[in-house]
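Please read the structure below before turning to the comments.
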Amino acid sequence: MMRTVSAAETAPTTHPWAVHAEGLRVRAGRHLAVDGLDLALGTGVHGLLGPNGAGKTTLMRALATVVKPADGRLTLLGQPVDGRADLRRVRRALGYLPQQFGFYPRFTVREFVEYLAWLKEMPKTAIPGAVQRAIDRVGLTAKADARMKTLSGGMLRRAGIAQAIVNDPAVLLLDEPTVGLDPEQRLDFRTLLRELGADSCVLVSTHLVEDVVVACTDVVLISEGRLVHQGTPDTLIAQGGQSDAGDSPAERGYSALLRRHRAEAGR
Amino acid sequence: MNNHPNLGVLARYADGGPGLDEAAVWSVEVHLETCADCRARLAGSTPDSIPALLDRVAVELDRGIAAGPSPVRVRRPWSAVHRRWFAWALLPWLVMTVATLGCALLLQRMTPGLPPLVLLLAPLAPLPGVAVAWSRRTDPAWELIAGTPAAGLTMLLRRTAAVLAVVVPVLALAGAGTGTSAALMLLPCLACTAAVVALGGRIGVRNAAIGVAAVWASAVVLPTVVTTNLSVVLLPGSVPAWALATVALVAFAATRADDYRRLSSRR
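Respectively, the protein sequence lines represent chains D and P. FYI, in this note's numbering the residues of the first sequence are 4 to 270. FYI, in this note's numbering the residues of the second sequence are 15 to 281.
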């Protein structure tokens, strides 16, 4: 299903990076979850890897402008979002799927995506078409008018992805989007990711290293709130040797990087 | 193009372009896009088979439309969904408020020796509803909504207006039932609501509601009950002071829009 592209969308961008963080510090409660992170993300699919407690969810929340950073500079699409800035323009071009995806059980999928599209201040005439397109892209056309409390976990996750992509965001943040998806749906999701990464900046946080290696153009590895490695999946694979823990080259590279980072931090 | 194509060229174009090369067809098309006169001449010089074909297509389409399912009436998405979720979350609190006010009214009518309970409880009536309107615990999709451009003071005010729309008529009825002036009932109520909205951006709407209720209880309700003398702020002569306070608090709350733009990491 096609959609019309406005002239503003095809205009060239004047910002070098879609997401640019310098020395970012974000608190989660009292704990400083993101501690001096430098990150620059352009167009493409970026996979965010890291052990539990590394600050991935907090980083996603800060990039989605849900939480204000405690320190450092954060620029989204050329606009600074850390101070007392007007966030509405940036938020119209954002899409976010949180890890704990809360939904209203009595809504149908279509009503939920329409409500979120309205909250994202899309033009009212464009909302029904955009909602249908988003639902078709995630493969929920048959369940579009079912109540959300009747959906399985994987379908709920896909409904969450649909609301994140309904406004065709320039920066798309997906926190664990493949939780609950069966292998066939994961393949469909990888296709969707490649399609989305063609002209927007997508950041996918996931624990599945294989998904990252196959579908992502760039891998970002963070640990304890700091950046450990950023590069293509091949550079991740090149870091690992036969002696490292893991069943696949990517997992070996991942554990090698973490081992080296922890050794340096301990020193 | 300044020169219009002659009728012969137009007739050949309408016929499918025999004898016209591609460049000629393109130039005719570009000219037709802007020139209404030539379009009218094209309509006049089409061979008879074309209108017959269009008529056949129209008949088939009408038959298909009549045989298929009728279009579903689309309700306006935002009004429907607001009614659904927020109404259900708010209903218990509103029922509790109305029941409490009803009991206070009955008690006041039946035992004239008591201090005016309805007047004392009136400012606290909308506070539970406002606390529920902007609370992480009652809104399951809080994280999603916090990252949208429409989130902020406007959304809280819309929900507060929904709460007041129920509470204010009940208070007016209760005031008519006990014979106190409507201004004396409603102005402290509006002033307390404005105070909660003004403070809620800094300390959390739930904490602000609890704080305002505690201040009212300790400063006005407790002395009135203990000394059985109506507190000076509830005398009929204090209505102009309340009006001034309400206007000042509403103006102050309107300037607090910045606080609602983002969540702090603690709430």
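Glycine residues also receive a C-beta, built at the ideal position from the N, C-alpha and C atoms.
Please go through the same chain and pick out, in chain order, the residues whose beta-carbon is closer than 6 Å to the beta-carbon of residue i, but skip the five residues on each side of it.
i, result
"D/T46", "C204"
"D/T78", "H23"
"P/L213", "A222"
"P/R53", "L46"
"D/V223", "H49, L51 and Q233"
"D/A10", "none"
Between the options, which lies nearest to residue i when the distance is taken from Cα to Cα?
i, options, result
"D/P180", "D/K127, D/A167, D/A10 and D/A137", "D/A167"
"D/D85", "D/Q242, D/A67 and D/W121", "D/A67"
"P/T12", "P/L68, P/L249, P/R275 and P/A25", "The shown model of chain P, from 15 to 281, leaves out residue 12 of chain P, and the question about it has no answer."
"D/V217", "D/V223, D/S226, D/R197 and D/I225", "D/R197"
"D/F257", "D/A129, D/L199, D/L175 and D/V212", "In the sequence as presented, Phe is not what sits at residue 257 of chain D; that position holds Tyr. It is D/V212 whose Cα lies nearest to the Cα of D/Y257."
"P/G166", "P/L68, P/E157, P/R275 and P/A155", "P/R275"
"P/A222", "P/A81, P/D51 and P/C206", "P/C206"
"P/V112", "P/L187, P/R55, P/I64 and P/A231", "P/L187"
"P/L105", "P/A72, P/G82 and P/A147", "P/A147"
"D/V141", "D/A65, D/E187, D/D89 and D/R64", "D/E187"
"D/T235", "D/S9, D/V37, D/R92 and D/G50", "D/G50"
"P/A155", "D/P108, D/S9, D/V70 and D/T13", "D/P108"
"D/F104", "D/C219, D/L90 and D/L159", "D/L159"
"P/A136", "P/E74, P/V235, P/T241 and P/R87", "P/V235"
"P/Q122", "P/G191, P/D35 and P/V23", "P/G191"
"D/A133", "D/P15, D/A36, D/A248 and D/T7", "D/T7"
"D/L52", "D/L206, D/R263, D/L90 and D/A266", "D/L206"
"P/R270", "P/V210, P/T241 and P/A233", "P/V210"
"P/L21", "P/A208, P/D51, P/W40 and P/E36", "P/D51"
"D/Q82", "D/A21, D/T144 and D/A14", "D/A21"
"P/A103", "P/V73, P/L171, P/A118 and P/R150", "P/R150"
"P/D153", "P/L204, P/S84 and P/R220", "P/R220"
"P/P254", "P/V86, P/L75, P/P202 and P/A38", "P/P202"
"P/L115", "P/A38, P/V132, P/L200 and P/D76", "P/V132"
"P/L258", "P/G30, P/V23, P/L204 and P/A196", "P/L204"
"D/L100", "D/R64, D/G200 and D/T238", "D/R64"
"D/V93", "D/A259, D/D185, D/A73 and D/V69", "D/V69"
Please list, in chain order, all residues of the same chain as residue i whose beta carbon is under 8 Å from its beta carbon, the five residues on each side excluded.
i, result
"P/T238", "P129, L134, L244, S245 and L248"
"D/G39", "G26, L27, R28, G75, G228 and R229"
"P/A28", "L56, S59, T60, P61 and I64"
"P/L108", "G143, V177, V180 and V181"
"P/F100", "A147, R173 and A176"
"D/Q245", "R255"
"P/M199", "V132, L133, A136, L185, A186, A188 and G189"
"D/D148", "T111, V112 and R113"
Note down, in chain order, every chain D residue with its Cβ under 7 Å from the Cβ of residue i.
i, result
"P/P154", "G105, F106 and Y107"
"P/R275", "L90"
Could you work out which residues of chain D lie near residue i, taking near to mean beta carbons separated by less than 8 Å?
i, result
"P/L104", "Per Cβ cutoff of 8 Å: no residues; P/L104 is ~13 Å from chain D at best."
"P/T47", "Before going further, note that residue 47 of chain P is Glu rather than Thr in the sequence given. Near P/E47 there are no residues of chain D at all, since even the closest Cβ is about 18 Å away, more than 8 Å."
"P/I159", "L122"
Quick one: which chain P residues come within Cβ less than 8 Å of residue i?
i, result
"D/V174", "Within chain P, no residue comes near D/V174; the closest Cβ sits about 11 Å away, beyond 8 Å."
If I measure Cβ to Cβ from residue i and keep anything under 7 Å in the same chain, skipping five residues before and after, which residues do I get?
i, result
"D/P252", "I240 and G243"
"D/D250", "none"
"D/A96", "L80, P172, A173 and V174"
"D/A137", "V116, A165, I168 and V169"
"P/G33", "R26"
Name the chain P residues whose beta carbon is nearer than 9 Å to that of residue i?
i, result
"D/A67", "E157, A160 and G161"
"D/L97", "G161, T162 and P163"
Quick one: which chain C residues come within Cβ less than 8 Å of residue i?
i, result
"D/P101", "Here the protein chains are D and P, and chain C is not one of them."
Check each residue of the stretch 162-180 of chain P: if its Cβ is closer than 9 Å to any Cβ of chain D, include it; give the result in chain order.
Listed in chain order, the positions of the stretch 162-180 of chain P with a beta carbon within less than 9 Å of a beta carbon of chain D are T162, P163, A164, A165, G166 and M169.
Would the stretch 22-30 of chain D and the stretch 57-65 of chain D be scored as touching if the rule is three or more Cβ pairs under 8 Å?
The stretch 22-30 of chain D makes contact with the stretch 57-65 of chain D, as at least three CB pairs between them are under 8 Å.
At a CB distance below 9 Å, what residues from the stretch 110-123 of chain D approach chain P? Give them in sequence order.
Contact annotation: in the stretch 110-123 of chain D, residues whose CB is within less than 9 Å of a CB in chain P are F110, R113, E114, F115, E117, Y118, L119, A120, W121, L122 and K123.
Decide yes or no for the touch test of the stretch 99-116 of chain D against the stretch 146-154 of chain D: beta carbon pairs closer than 8 Å, at least 3 of them.
A contact exists between the stretch 99-116 of chain D and the stretch 146-154 of chain D.
The stretch 83-95 of chain D: which residues have C-beta closer than 7 Å to a C-beta of chain P, in chain order?
Listed in sequence order: R87, L90, R91, R94 and R95.
Cβ contact check for the stretch 122-136 of chain D and the stretch 175-194 of chain D: 3 or more pairs under 8 Å:
No: the two stretches stay apart, fewer than three of their Cβ pairs being nearer than 8 Å.
Kindly confirm or deny that the stretch 43-51 of chain P and the stretch 16-26 of chain P touch, where touching means at least three C-beta pairs closer than 8 Å.
Contact holds: three or more Cβ-Cβ distances are below 8 Å.
Validate contact between the stretch 215-232 of chain P and the stretch 140-154 of chain P using beta carbons, cut 8 Å, 3 pairs:
These segments touch.
Evaluate contact between the stretch 145-164 of chain P and the stretch 251-271 of chain P, counting only Cβ atoms and requiring at least three cross-stretch pairs below 8 Å.
Put simply, the stretch 145-164 of chain P does not touch the stretch 251-271 of chain P. Fewer than three CB pairs are less than 8 Å apart.
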